[in-house]
Each structure stands twice: as C-alpha cells, then as structure tokens.
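Asks: The sequence shown finishes on residue 330 if you use my numbering, and the numbering steps up by one all the way, no holes.
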Amino acid sequence: QGGAPEGIGIGLRSVHLQEIAAEKPEIAWLEVLADNFIEHGDYALEHLKEIASHYPVSLHSVSMSIGSSDPFDYQYLGRIKELERLLKPFCLSDHLCWSSVHGVHFHNLLPLPFTDETVDYIVGRVSTLQDFFGRRMAIENISSYLSFDQSTMSEAEFINRILERADCDMLLDVSNVAVTSFNNDMDALSYLRSLPRERVAYMHLGGFEDRGEYLLDTHSCLVADSSLDLYREALKIVGRKPTLLEWDNEIPELSLLLAEAQRIESHISDI
C-alpha cells in the first residue's frame, strides 16, 4: 500500500484498459472499480497488475451493501480481497448505503435513516469489513433524493460518529454533496465544515443532470461549474486531497477524460 498520490485521477474502465497498459499516458493516479474486474480473466488481471506497477491506484466497490440487514457476501468480498492483494491500493472503499435485501440486489445506492441505532449497526459492519481486509477502509457519502422522518441527526453528524467509532476514513464525494444539498435542502458548506479533515482519504467529482426539481447524479458528463466551485471550497476546508474525476456512463475517449482532469486541475491551481 503506497501513500496517497497528488492530483486528479480518473477511473480505470475496461474500454481504456489496453490503451493505458500499452501507452502509459500521463495520469496522476487511477481508481479501479472492483466490480468491473472481479469476473474478468487472467488477461485483464495481467493488464491491471502492469498498470498498478506504473500508477498509484485506489480500489473502489459498489456492492458490499454496508447498510443492508443481509449478511455480507463473503464470496464477493473474497474476490475483492484478491484484487486488493494484487493491486496494493492506497485506499479501499465502498458506499455508506444499502443496496440489497434478502439476497436481491437493487443496483442502486439507497440512503439510510440517520439514527443512533443505524450508527451502531454501521460501526459494527465497517469494523467487520476492516477486520476481514486487514486494513482501514473509506466510506463514501452517496447522492440522495429523499430523507427519513425517523432521522434524529444530520448526515454530517451521522458520518462523523461512524468515522470516529469505526476508526475508518471517508471518501468525500463533492458532487454527491451538491446533489444531496439541492434535493434535500441541506447546507453544503456547513456539511463540509463539520467533517474531520484528517479522515478524508480522497474525493470524487463527477457530472450530474439538472432535472429542474431535482439534480440527478449521472457520472455521464463534464463536471458542472457549480460543482467545481464547491470543490474549491472543499479543498479550502479539508485541504488538498487526491481527487477522482468520475465518469461511469457514456464513457468518452481517454483523451477527453484527460482533458477534463486537466481542466479541473487548472481550476484549483491557486489553492
């Protein structure tokens, strides 16, 4: 496990795997989405190993379902552990959400009620995961389109309690803060100011669609100026952190991703 890199990284997607492995373009670092590669054969894993020897990498996943009442899927976790050993990422992460119940996966990241009971449950789940992987993990804030009447605290307080009690890190998704703030009438800057900066391992920044009454987190377009402005504020509050340009749908040519990463970097060059 190397130290955290600097600069703007991009997500390593299957369509760019061969190109990056062969040409080694100038990229600050790469995020490997575990779910895209755990079913791939030795050919893809050899490319991954080659890339991880050349670039710093993080390992991110979407299906641990940390907030679910289901038991963990240890077959799935075992495959991620194999990737973790192969790649030696500077960070291992998943989302603070639930995405399955009774063994049925919804392919969606669903929010949790912000209560003491949920904090207790999540702390236990994160501790179990960190014991299984033998390392610290980071949990990511999701974009949300509803809030629970049962919640007894803010999202920021909820996350803070989990970070402290589970002794884990945070993957701060700035675009998700922007989306949730708009959709749930939350103060984005107050949210950012209340986070423990030393626990922010790295950040995500991606595109969203403005649907009028709500914002939809799509990861399929350029980063909005409003997100870039919020990102600048986030850096002033928590300090410079490795940041991933997220682009998961309608994936463009590698050259466009690199250009967008450079645009983001130039937007914060004075911080």
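Where is the CB? At the ideal position from N, CA and C, for every residue including glycine.
In the DSSP assignment, find the unbroken beta strand (DSSP E) run with residue 259 in it and report its ends.
Replies: Run containing residue 259: 259-265, per the beta strand (DSSP E) assignment.
Asks: With distances taken Cα to Cα, identify the nearest neighbour of residue 216 among 187, 174, 201, 191.
Replies: For residue 216, the nearest C-alpha among the options comes from 174.
Asks: Can you find at least 3 beta carbon pairs, one from the segment 278-295 and one from the segment 90-99, that sit closer than 8 angstroms?
Replies: Short answer: they don't touch.
Asks: Contact defined as beta carbons within less than 8 angstroms: I believe residue 118 pairs with residue 93. What is the distance between those atoms, to the nearest angstrom?
Replies: That pair is a contact at about 6 angstroms.
Asks: Helix, strand or coil: which one does DSSP assign to residue 65?
Replies: If DSSP states are grouped into helix, strand and coil, residue 65 belongs with coil.
Asks: Can you tell me whether DSSP reads residue 113 as helix, strand or coil?
Replies: In the structure shown, residue 113 sits in a helix (DSSP, three-state: H, G or I).
Asks: Here's the rule: buried if 16 or more other CB atoms are within 10 angstroms of the residue's CB, otherwise exposed. What is residue 244?
Replies: That one is exposed.
Asks: Taking all protein chains shown into account, decide if residue 70 is buried (16 or more other Cβ within 10 angstroms of its Cβ) or exposed.
Replies: Residue 70 is buried by the Cβ-count criterion.
Asks: If you check the beta carbons only, do residue 147 and residue 111 fall under 8 angstroms apart?
Replies: Yes, they are a contact pair.
Asks: Should residue 144 and residue 182 be called a contact, given that it needs their Cβ atoms to be closer than 8 angstroms?
Replies: No, they are not a contact pair.
Asks: CB-CB under 6 angstroms to residue 303, same chain, minus the five flanking residues each way: which ones, in chain order?
Replies: The residues are 68, 90, 263.
Asks: If distances are taken between C-alpha atoms only, which option among 156, 195, 266 comes closest to residue 178?
Replies: When only C-alpha atoms are compared, the closest one is 156.
Asks: From this set, 314, 317, 247, 307, which residue's C-alpha is nearest residue 296's C-alpha?
Replies: Ranking the options by Cα distance to residue 296, first place goes to 247.
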